[in-house]
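Mind the numbering: the sequence shown is residues 5 to 488 in our numbering, read in order.
By construction, the Cβ of each residue, glycine as well, lies at the ideal position given by its N, Cα and C atoms.
Taking it in order: structure first as structure tokens, then the write-up.
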Amino acid sequence: MSEIRKLANYIDGQLCPPQGRRWLDVFEPASGQRFAECPDSDVGDIGVAVQAAQRAFPAWSATPIAQRAQFLNRIADLLEARLEEFAQAESRDSGKPVALARRLDIPRALSNLRFFAAAATQFSSEAHATDGAINYTLRQPLGTVACISPWNLPLYLFTWKIAPALATGNTVVAKPSEITPLTAAMFAQVCMDAGLPPGVLNIVHGSGQRTGQALIGHSGIRAISFTGSTRTGAAIAAVAAPRFVKLSLEMGGKNPTVVFADWEANEANWATLLRSAFSNQGQICLCGSRLLVQRSIYENFKAAFVEKVRALRVGDPQDPASDLGALVSQAHFDKVMGHIALAREEGGTILCGGDAVRLEGRCAGGWFVAPTVIEGLGADCRTNQEEIFGPVATLIPFDGEDEAVALANATNYGLAASIWTSNLKRAHRVAARLESGIVWINCWLKRDLRTPFGGVKQSGVGREGGVDALRFFTEAKNVCIDLE
Ligand code: NAD
5 MSEIRKLANY
15 IDGQLCPPQG
25 RRWLDVFEPA
35 SGQRFAECPD
45 SDVGDIGVAV
55 QAAQRAFPAW
65 SATPIAQRAQ
75 FLNRIADLLE
85 ARLEEFAQAE
95 SRDSGKPVAL
105 ARRLDIPRAL
115 SNLRFFAAAA
125 TQFSSEAHAT
135 DGAINYTLRQ
145 PLGTVACISP
155 WNLPLYLFTW
165 KIAPALATGN
175 TVVAKPSEIT
185 PLTAAMFAQV
195 CMDAGLPPGV
205 LNIVHGSGQR
215 TGQALIGHSG
225 IRAISFTGST
235 RTGAAIAAVA
245 APRFVKLSLE
255 MGGKNPTVVF
265 ADWEANEANW
275 ATLLRSAFSN
285 QGQICLCGSR
295 LLVQRSIYEN
305 FKAAFVEKVR
315 ALRVGDPQDP
325 ASDLGALVSQ
335 AHFDKVMGHI
345 ALAREEGGTI
355 LCGGDAVRLE
365 GRCAGGWFVA
375 PTVIEGLGAD
385 CRTNQEEIFG
395 PVATLIPFDG
405 EDEAVALANA
415 TNYGLAASIW
425 TSNLKRAHRV
435 AARLESGIVW
445 INCWLKRDLR
455 TPFGGVKQSG
465 VGREGGVDAL
475 RFFTEAKNVC
485 IDLE
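And the structure:
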């Protein structure tokens, strides 16, 4: 039995245990074994962290932008030097294939840091000349802000928030997911090695109920940037709204993948479609979990798709041959299996998968689920309405463009969609009609960090990325100069 690793908070430049000495178990999803403990911090820890961040704010906000950018770049360089170690840790903590963490999660964390380091130096604001006066806009940092992130892309989404917050001169109290705290805990050491001044970034670990709640309820917090479930987003909004705290909410999805008969069914496109449904075991908020397929190609599409899904390998995340690793936790495994049972009850036909996968050896106790494809369910049943967030996709036929749009829009969510067609006019027409914050045409998860990122309806409020993130983390002040 290997030693249990004890993770620490990072407050005021120091690694420290939680004041209340309460700890949460951290599990390796591939083995089901506990391997670490993370602090379950309370209102006392949050208080100390917010105070440290407030003390650090005057100097950090007055630090020239180029120097703040240098800190972020230095952190990125040190992180890059440890890329393999971080990829291994991310895989161990979350159950995702290490190859995915190596290719996607950690490189994207580097890009987030470097992108916002550069973006902040290029940030500009408006001037409005009028008769007899000139107005200009100052965009100033807010103060101390809270960044709360989920478990599915741990370091990727953690850095996606803290990088723009820090680059624009705010100080941060960040709370990573208690289910996957490892890389954020390791990130603290990287910040210390980079010489980041104490208090500029504070990382406080713990459960949503205890630590998260204390953070969002703290009167010193000027803005909350949250990514996670719609349910938690609603709870955060209920606390923040009466206090008029600035909010950015990135939440769940039930994303449609709309495949028209004239789509180009080549190998590259098939591979992207498969990735869009099953990457990270379907635990990406942008995954297409409802495949709407034009009826004239439906049967052929179904046969080919199911064959390809059957060929996906579920296995040890360490094994380079594994396409899918483990689901993140026992609770999430139970939730996904519950949804598959519900789909059966609702009258759905399981075309492939539908079961847990039992592996041998070190992964015998892991939380693995076979990639699952379901058909025969109406758009309004729970299976097609509720976010499952696992390796489960449904197939739904449609006849024409209007029906495709109606089905695509027939959920409370509106995060992302992809459209597959070789008809350019149709692609633009349908993109404009989808109730979705992001639409990919003949591609998926092709990201340019300058673009607005976020959802509509119950998927989100506000946008991240590029100038939207820089604006979120600053307050606009109009200054009017009389010229007369
Ligand atoms: P979650 O809402 O359970 O938790 C997210 C974070 O919020 C965690 O750090 C958690 O500890 C914290 N939290 C929970 N309750 C809290 C409370 N009352 N106050 C303050 N903080 C609290 O979500 P999850 O299960 O970690 O993540 C999966 C969800 O995230 C899915 O719904 C997925 O779609 C969504 N997600 C959305 C995006 C996006 O960009 N829209 C990206 C990734 C994941």
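Within 8 Å, strictly: CB atoms of E407 and L381: Not closer than 8 Å, so no.
Coarse secondary structure for S252, derived from DSSP in three states: Collapsing the DSSP output to three states places S252 in a strand.
Between the Cα of A198 and the Cα atoms of Q71, S440 and V434, which residue gives the shortest distance? Q71
Within 10 Å of its beta-carbon, does T184 have 16 or more other beta-carbons around it, so buried, or fewer, so exposed? buried
Leaving out five residues before and five after T187 in sequence, what residues of the same chain have Cβ atoms less than 6 Å from its Cβ? F90, A93, E94, P158 and L159
My output table needs one value for Y302: the three-state DSSP class, helix, strand or coil. helix
Given G174, which residues of its chain have a CB within under 6 Å of its CB, disregarding the five upstream and five downstream residues? In the sequence as presented, Gly is not what sits at residue 174; that position holds Asn. Within the same chain, N174 has close Cβ partners P145, L146, V149 and F477.
Taking only the alpha-carbon atoms, compute the straight-line gap between I166 and R451 and give it to the nearest angstrom. 19 Å
With 16 as the cutoff for other CB atoms within 10 Å, does T125 come out buried or exposed? exposed
DSSP on F393, reduced to helix/strand/coil? Residue state, collapsed to three classes: coil.
Own chain, CB closer than 7 Å to V361, minus 5 neighbours either side, in chain order: V318, F372, V373 and A374
Assuming E182 and S211 are in contact, meaning their beta carbons sit under 8 Å apart, how far apart are those beta carbons, in whole angstroms? 5 Å
Does any heavy atom of ligand 1 sit closer than 7 Å to the C-beta of I240? With a threshold of 7 Å, the Cβ atom of I240 counts as near ligand 1, since some heavy atom of the ligand is closer than that.
Given a threshold of 16 other Cβ atoms within 10 Å of its Cβ, counted over all protein chains shown, does I225 qualify as buried or as exposed? buried
Cα separation between A34 and L363? 9 Å
Keeping to the same chain, check which residues put their C-beta closer than 6 Å to that of I207; ignore five residues upstream and five downstream. Y14, A178, A188 and A192
Separation of W27 from A239, as counted between CA atoms: 24 Å
Relative to the alpha-carbon of A307, which residue among S128, W274 and F127 has its alpha-carbon at the smallest distance? W274
Mind checking whether the beta-carbon of E391 lies closer than 7 Å to any heavy atom of ligand 1? yes
Cβ contact check for the stretch 392-407 and the stretch 286-303: 3 or more pairs under 8 Å: yes
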